[in-house]
Structure formats: C-alpha cells, structure tokens
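Undergrad: Quick one: this structure, given as structure tokens, is what I'll be asking you about.
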Amino acid sequence: MSKNTFVVNDETITIMRSEWDKNALASYREDYYKELTSHTWGLKNGYPNNDALGGGLHRYMMAKWYGEDVLSQFTENGYVVDHMNNNHMDCRITNLEFLKKAYNTAKGQSFDIDSRSMRFRIAVNIFKDFATGLYQITIGCNDSIGQQFSDGKIRWINSIKLLYNCDYSIVINDAENILRIYDTEERIALSNNNACDVRINYAPDIQLTEEETKQAFVFRDGQTYMIVGNGHTYLNTIPFDKGWTPPTSN
C-alpha cells in the first residue's frame with residue numbers, strides 16, 4: 038500500500054506525503070494511474086522517486102507519454118529531462134522536455150535564476166503543449182506595463198503569450214532575452230524573437246479608488262478582479278493556451 042495520498046483534479050495528479058513540504062504533480066492518464074498510485078514515492082536528491090518504476094517521476098512521465106524507447110534514445114544521446122519551471126516536484130508533461138545536459142546546466146545558471154528573481158516584476162514561464170508539440174512563453178505583468186496606440190491612448194497589459202514552433206533551446210534563449218531586456222531597459226521586447234504568434238491580454242478599463250489600489254481584489258458588476266503589483270498580490274504563472282497553433286497563411 039502506498040504511503041502517499043493522491044488527489045486527481047482535472048488533468049493533474051497531486052501526490053502528497055506527510056514529511057514533504059511540497060506536493061508533487063503529475064499528468065493524469067487512466068492507463069497508468071493505477072500503477073502510479075500503487076507505489077510509494079519518496080524524494081531522492083529533491084526529485085520524486087520510485088526505484089521500482091524506473092527512478093524519477095519526471096522520467097516515468099516521459100516514458101509514458103513519449104515511450105520507453107524514445108526516453109532511452111535521448112538519454113543515450115546526452116539529453117536529460119528538463120523541468121521547464123525549475124520546480125523538480127512539478128512533473129506534469131507540460132513542464133517537461135528533453136534538453137542536452139550542457140544546455141540544461143546553462144539554463145540553471147541563467148533563466149532559472151533570473152525568472153525566479155524577477156517574478157514579482159514579470160512572471161515568465163515556458164510550457165509545451167503535448168497535443169500540438171509547440172511551446173509557449175507566458176508573461177504575467179506584475180509591474181505596470183502599457184502599450185501606447187496611435188491615438189496616444191495607453192492600454193495596460195495583464196499578460197502576453199508567445200507561440201513557438203522551433204527547438205526548445207531557442208525558446209529558452211528568447212525567454213532569457215525577455216528577462217534581460219526588461220531588467221536593463223524596462224520594456225518587453227516582442228519584435229526580435231522567434232515566436233510565430235503572439236497574444237496580448239489587456240487589463241479591464243476600470244477606475245480604482247486610492248483605497249482599492251491597496252486591496253488584493255475588487256468587485257465590479259458581479260465580477261471579481263485581482264489587483265497586482267501593489268505588494269499584496271502577484272501573478273506567479275499564466276497558464277498556456279491549449280491547442281494554440283500558428284495562423285494559417287492565405
């Protein structure tokens with residue numbers, strides 16, 4: 038009997054254990070759920086692990102979604118399984134990708150550090166949509182970031198999503214470049230990147246009282262709005278858009 042507790046919510050399995058200070062996450066699929074939950078998952082070097090199921094939960098996930106032969110081939114060719122958000126407990130398939138070991142090391146010394154240190158200004162994350170095979174960079178704007186239009190009006194931005202149909206290492210470089218430019222120039226560079234499409238979500242045009250700007254949430258016409266960047270609430274992760282593909286050319 039497993040010493041873990043498992044909870045399924047939508048497409049995610051949350052794996053808990055009393056001595057852990059964080060829960061592990063895995064992608065739900067019916068064909069392996071019984072096997073995964075019939076074993077006890079511990080921690081080995083900070084990674085959820087079960088030796089009887091091949092070791093790390095991240096490698097178990099990759100074997101189930103890509104196949105044991107693909108995992109073995111990538112491993113033999115010097116690749117590791119990278120956690121895109123650098124959270125070793127998050128083993129959902131949308132957070133995992135094969136990456137050459139040298140690139141994984143470089144990412145750990147650049148993007149992983151910078152994204153963590155800058156998350157209260159802009160929250161930059163990378164995802165892979167398994168269904169499409171495409172990557173997305175999502176940016177949550179905790180700072181007040183606006184876009185000025187030709188009529189002079191400024192619209193404030195909640196989030197930006199970039200779609201990629203290229204190698205994962207290129208996506209990492211773009212994500213790091215976004216952080217670097219914002220840190221040095223306080224602007225989000227959307228023109229000089231390798232994205233094939235972009236989506237911008239603008240903040241609703243509502244007027245706030247001085248007191249409301251200090252609150253976590255405000256209510257308008259039955260809707261709840263979160264106030265970010267005021268020292269109380271922050272965007273940590275913007276979810277990716279499932280099924281998003283590049284626009285077709287006529």
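Be aware that the sequence shown starts at 38, since it is given in this note's numbering, and climbs by one per residue.
Where is the CB? At the ideal position from N, CA and C, for every residue including glycine.
As the structure is a prediction and not an experimental result, all values here were calculated from the model.
(1) Assuming residue 159 contacts residue 177 (C-beta within less than 8 Å), just tell me the rounded distance between them.
(2) Under 7 Å between the Cβ atoms of residue 127 and residue 200?
(3) Is the distance from the Cβ of residue 274 to the Cβ of residue 141 below 7 Å?
(4) For the segment 233–251 against the segment 205–212, do three or more pairs of beta-carbon atoms, one drawn from each stretch, fall closer than 8 Å, so that the two count as touching?
(5) So is residue 93 buried or exposed if we call it buried at 16+ other beta carbons inside 10 Å?
(6) Using the DSSP secondary-structure output, state which residues sit across from residue 95 in a beta bridge.
(7) Using DSSP's beta-bridge definition, name the partner residues of residue 184.
(8) Mind checking residue 55: buried by the 16 CB within 10 Å criterion, or exposed?
(9) If we count the other Cβ atoms within 10 Å of its Cβ and call it buried at 16 or more, is residue 283 buried or exposed?
(10) Nearest to residue 215 by CA position, among 226, 39 and 221, is which residue?
(11) Considering only residues of the same chain and omitting the five flanking positions on each side of residue 41, which have a CB-CB separation below 7 Å?
(12) Using the C-alpha atoms, what's the distance from residue 196 back to residue 133?
(13) Along the chain, where does the alpha helix (DSSP H) containing residue 67 start, and where does it finish?
(14) Quick one, are the C-beta atoms of residue 277 and residue 212 less than 7 Å apart?
(15) Going by other Cβ atoms of all chains shown within 10 Å of its Cβ, with 16 needed for buried, is residue 265 buried or exposed?
(16) Do you know whose CA, among 43, 85 and 87, lies nearest residue 70's CA?
(17) Measure the C-alpha to C-alpha separation of residue 66 and residue 48 and round it to an integer number of angstroms.
TA: Reading from the atomic positions:
(1) 7 Å
(2) no
(3) no
(4) no
(5) buried
(6) None, per the DSSP bridge assignment.
(7) 192
(8) exposed
(9) exposed
(10) 226
(11) 52, 53, 54, 77 and 78
(12) 23 Å
(13) 67–74
(14) no
(15) buried
(16) 43
(17) 8 Å
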